[in-house]
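Below is one structure; the comments refer to it alone.
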Amino acid sequence: MKQFGFSLFFLLLFCVTTLAQENKVLNLQVEARGDYQREYVDGEAMKDNSGFKGKYFTVNVSGDISEKFSYKFSHRLNKYSSNSSFFDATDVLYVDYKPTDAITLSAGKQVVLIGGYEYDRAPIDLYFCSEYWHNVPCYMWGGSVEYKLPNEKDKFLFQFCESPFRSYHPNSDMYSYNLAWYGTHGFYNAIWSLNMLEYAEGKYISYLALGNEFCFNDKVKLQLDFMNRASSGHSYFFKNCSFVGELSYRPIEQLNIFAKASYDVNHTNTASDYCVMDNTELTSVGGGIEYFPLPNHDFRLHANGSYTWGKNGNPDGVLQNKQTYIDFGMTWKMDIWSLKR
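Numbering of the sequence shown is given in our numbering, commencing with residue 371 and proceeding in unit increments.
Below, the structure written as C-alpha cells:
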C-alpha cells in the first residue's frame with residue numbers, strides 16, 4: 371500500500387509539473403522539523419512521547435495554471451500508517467478560479483474555515499496547543515467562495531465541505547457549513563467564523579470562533595482567540611468553550627520570545643463535542659524562544675516548555691493533569707525548484 375501511495379504521489383507531481391510547464395509557474399518546496407522532547411505526567415516520564423521525534427516532513431507544490439486558475443498541493447510524507455490512504459496524508463489539494471479581482475472560487479481538499487489564530491497557523495509553526503487544536507480534523511474535501519471588499523482590508527468566505535467528524539460515523543453523509551471574515555485594520559487583525567458542523571447525521575454543533583490579533587509595533591504582538599461551542603437544542607455560552615492567548619516579543623529580527631496560555635472547558639453533560647469532551651476543564655501555560663540565523667528565516671531553532679493542570683474528560687486526550695512538556699528542535703524550509711514559462 372505504501373509503495374502504491376508513493377507511486378501515486380510522484381505521478382501526481384509529474385502531472386502537475388507538466389501542466390505548469392505549459393502555462394505560467396511552478397514552485398516546489400520541502401519543509402521539515404525535528405525535535406527532542408520530554409513529557410512528564412505527575413512527575414512520571416512518558417517514555418513513548420519523549421526522545422528524538424521527527425515531527426513534520428511536507429512537500430508543497432503551488433503555481434498558476436493560467437491567468438485565472440491556480441493550484442496548491444501539500445502532502446505530509448510522515449503521515450503514513452498501515453491503514454492510511456494516500457489522501458489521508460494530503461493536507462490540501464485544491465484549485466482556485468478568480469473570475470474577477472474580488473471573487474475567488476475554490477474546490478478540492480481545503481482547511482476547514484474555523485476562526486482563530488492558533489487554528490489558522492501551520493502546524494509546523496506550533497509547539498504546544500489547546501486541547502481543541504489537538505483533536506479537530508481540519509482538512510476536508512469541499513468548496514468555497516471568497517469575496518474581497520473594495521477596501522482590500524476585508525474578505526468574507528463561505529465554505530461547504532465534509533464534516534470534520536464524519537470519521538466517527540463510518541459510511542456517513544455529514545457536512546459542515548462555514549462563514550468566515552478576515553479583516554486587517556491598522557494594528558488590529560481578525561479571523562472570525564460562524565460554523566455549523568454535523569457531529570452525527572442531522573445533528574449539529576455550532577461554533578462562534580473569534581480570533582483577534584493586535585500588532586502594537588514591529589516588536590510586540592498579542593493574539594487572543596475565543597471559541598464557544600453549542601450542540602443542537604442547546605446554547606451554553608461559556609459552558610463549552612476555549613480561550614487561547616499568545617504574547618510575542620521580537621527584540622531583533624532574528625529572535626522571537628513568546629508566552630502562551632490556553633483554557634478548555636466543557637460542562638454541558640452532552641456527548642456532542644468530540645474535540646473537548648464533557649467533564650473537561652484544562653489550563654495550560656508556557657513559553658519559548660525561536661532563533662532565525664538566516665535572513666530569509668528558512669532555518670529556525672526553538673526551545674519551549676509548558677505545564678497543564680485540570681481534568682480531561684477524554685482519558686486518551688493529549689493534555690492531562692500535572693503534565694510538563696519540554697521541547698527543543700529545528701525547522702528548515704527549502705525551495706527546491708521554481709519554473710516559469
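All residues carry an ideal CB built from backbone N, CA and C; glycine is no exception.
Taking A459 as reference, the option from Y509, N598, D495 with the minimal CA-CA separation is Y509. When Cβ pairs closer than 8 Å are counted between the two stretches, the segment 664-682 is seen not to touch the segment 526-533, the count staying below three. Between the alpha carbons of L475 and D466 lies a distance of about 6 Å. In this structure, the straight-line span from the alpha carbon of K573 to that of L567 is close to 8 Å. Look at the segment 435-482 and you find these whole runs of beta strand (DSSP E), each 3 residues long or longer: 439-446, 460-467, 473-481.
Excluding the 5 residues flanking it on each side, D418 has no same chain C-beta neighbour closer than 6 Å. Going by DSSP, H504 is part of the alpha helix (DSSP H) stretching over 501-505. It is roughly 14 Å from the alpha-carbon of I484 to the alpha-carbon of E516.
Per the DSSP secondary-structure output, D405 pairs in a beta bridge with K423, G699.
With respect to the C-alpha of F584, the residue from G556, L564, A600, E571 having the closest C-alpha is G556.
If one requires a minimum length of 3 residues, the beta strand (DSSP E) runs lying completely within the segment 631-691 are 650-661, 669-681, in chain order. Taken through DSSP and simplified to helix, strand or coil, D543 comes out as coil. Around the Cβ of S612, a 10 Å sphere holds 16 or more other Cβ atoms; the residue is buried.
By the 16-neighbour rule on beta-carbons within 10 angstroms, L625 is exposed.
Distance between I473 and T554, taken at the CA atoms: about 18 Å.
About 5 Å separates the CB atoms of G581 and Y487; that is less than 8 Å, so the two are in contact.
Distance check between S563 and each of D643, N598, K589, A492 places N598 closest, using alpha-carbon atoms only.
For D490, the enclosing alpha helix (DSSP H) covers residues 487-490. About 6 Å separates the beta carbons of M544 and E571, which is inside the 8 Å limit, making them a contact pair. Per DSSP, F530 is one residue of the beta strand (DSSP E) stretching across 524-532.
Closest by C-alpha distance to Y441, out of L398, F422, Y695, is L398. By DSSP's assignment, G433 forms a beta bridge with L396, Y441.
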